[in-house]
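**Q** One point on numbering: in our numbering, the residue at position 200 of the sequence shown is 200, and numbering is uninterrupted.
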Amino acid sequence: MTKRIFRGIFFVSIITMLLSIVFIIGVQYQFYSESQLSSLKNEAYYISNIIDDNSEYLESIKNSEDRIPLIDSDGAVLFDNRYDVSLMQNHSDRKEIKEAMENGSGYSVRFSETISRKTCYYALKLEDGKVLRLSNSRASIFSTVMTLLSPLCAIIIASVVLSYVLASIISKKLLKPINEMDIEKPIIEESYEELSPIIKKINAQNRKIRAQISALTQSRREFEIISDNMSE
């Protein structure tokens with residue numbers, strides 16, 4: 001029984017720990033994704049307000065961490081802070097560009113298997129019909145886990161060892177009152193409340209056994225008295 005309780009506590013602890021790690025990584029990744037989108041939106045609105053009054057501002061942001069192309073209403077790339085626009089394809093078929101043309105803004109995420117990263121795109125339609133698009137790359141959830149592999153392994157190993165020790169201590173502590181119980185005179189107060197029905201049955205059985213022994217002893221004495229006083 002001790003082994004079964006130990007295994008139960010141990011495996012529940014391990015499963016809970018693994019689920020907690022997965023949940024935390026997922027929440028953190030989702031939070032980072034939402035923060036990234038919010039950052040792209042804020043920067044897009046900020047740049048759009050400036051270039052309305054200063055069209056030369058785009059030239060000053062070539063060193064930005066985000067990629068910032070300006071796209072004409074027909075999909076042709078007019079400016080890009082990283083690449084030569086003469087070598088770039090028409091962007092009218094891009095999801096975020098289509099949404100921006102129709103709704104005023106658009107958002108999409110595309111995954112690159114080559115670099116194992118996801119790129120977030122946010123497009124904002126300007127007053128003159130052009131589209132300002134900002135994009136930024138982030139590691140995929142798999143890459144994030146691989147990056148954290150070493151600390152995660154250390155955490156998992158430490159958690160396994162700690163779960164093993166605690167499960168062993170708890171299982172022994174849980175069974176200690178049962179192992180030390182006096183079967184002849186079990187006391188409810190010294191055990192778990194859940195054991196009360198069992199202890200009551202043991203007490204009832206003990207009383208029944210004592211009554212049967214007493215009856216058998218009395219019968220034996222009566223037989224001995226009769227046999228001692230019986231003639232040959």
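Every residue, glycine too, gets a C-beta built ideally from N, C-alpha and C.
Measuring alpha carbon to alpha carbon, tell me which residue in Asn81, Val160, Leu124 is nearest Lys98.
**A** Lys98 has its Cα closest to that of Leu124, out of Asn81, Val160, Leu124.
**Q** Exposed or buried, Cys120, counting other C-beta atoms within 10 Å across all chains shown (16 or more means buried)?
**A** Buried: at least 16 other Cβ atoms inside 10 Å.
**Q** Run the CB neighbour count on Ile319, radius 10 Å, all protein chains shown included, and call it buried at 16 or more, exposed below.
**A** Outside the shown range of the chain, which is 1 to 232, sits residue 319, and nothing can be said about it.
**Q** Only counting the same chain, and skipping five residues up and downstream in sequence, which positions put a Cβ closer than 6 angstroms to that of Arg67?
**A** Excluding sequence neighbours, Arg67 sits near Arg82, Ser135.
**Q** Spatial neighbours of Pro69 within its chain, please: CB distance less than 7 angstroms, with the 5 preceding and 5 following residues excluded, ordered by chain position.
**A** The residues are Val77, Phe79, Asp80, Arg133.
**Q** Quick one: grab the DSSP three-state call for Arg138.
**A** Of the three classes helix, strand and coil, the one that applies to Arg138 here is strand, per DSSP.
**Q** CB-CB under 6 angstroms to Lys95, same chain, minus the five flanking residues each way: which ones, in chain order?
**A** Only Ser108 meet the Cβ criterion.
**Q** What residue from Ser92, Ile225, Asn206 has the CA that sits closest to Lys130's CA?
**A** The residue with the shortest Cα to Cα distance from Lys130 is Ser92.
**Q** Looking only at DSSP bridge pairs, what is Pro69 linked to?
**A** DSSP, once it has assigned bridges, lists Asp80 as partnering Pro69.
**Q** Using CA coordinates, which residue listed in Asp74, Arg117, Met88 is at the minimum distance from Glu102?
**A** It is Asp74 whose Cα lies nearest to the Cα of Glu102.
**Q** Taking its Cβ as the centre, do 16 or more other Cβ atoms sit within 10 Å of Glu43, making it buried, or is it exposed?
**A** Buried: at least 16 other Cβ atoms inside 10 Å.
**Q** Could you name the residues that DSSP lists as bridge partners for Thr16?
**A** In DSSP, Thr16 forms no bridge with anything.
**Q** On the DSSP bridge assignment, give the partners of Thr217 in chain order.
**A** According to DSSP, which records beta bridges pairwise, Thr217 is partnered with nothing at all.
**Q** Considering just the uninterrupted stretch of the beta strand (DSSP E) at Lys95, what are its terminal residues?
**A** Element bounds for Lys95: not the beta strand (DSSP E) but the alpha helix (DSSP H), 95-103.
**Q** Just to confirm, is the Cβ distance from Ile51 to Tyr45 under 7 angstroms?
**A** No, Cβ-Cβ distance for Ile51 and Tyr45 is not below 7 angstroms.
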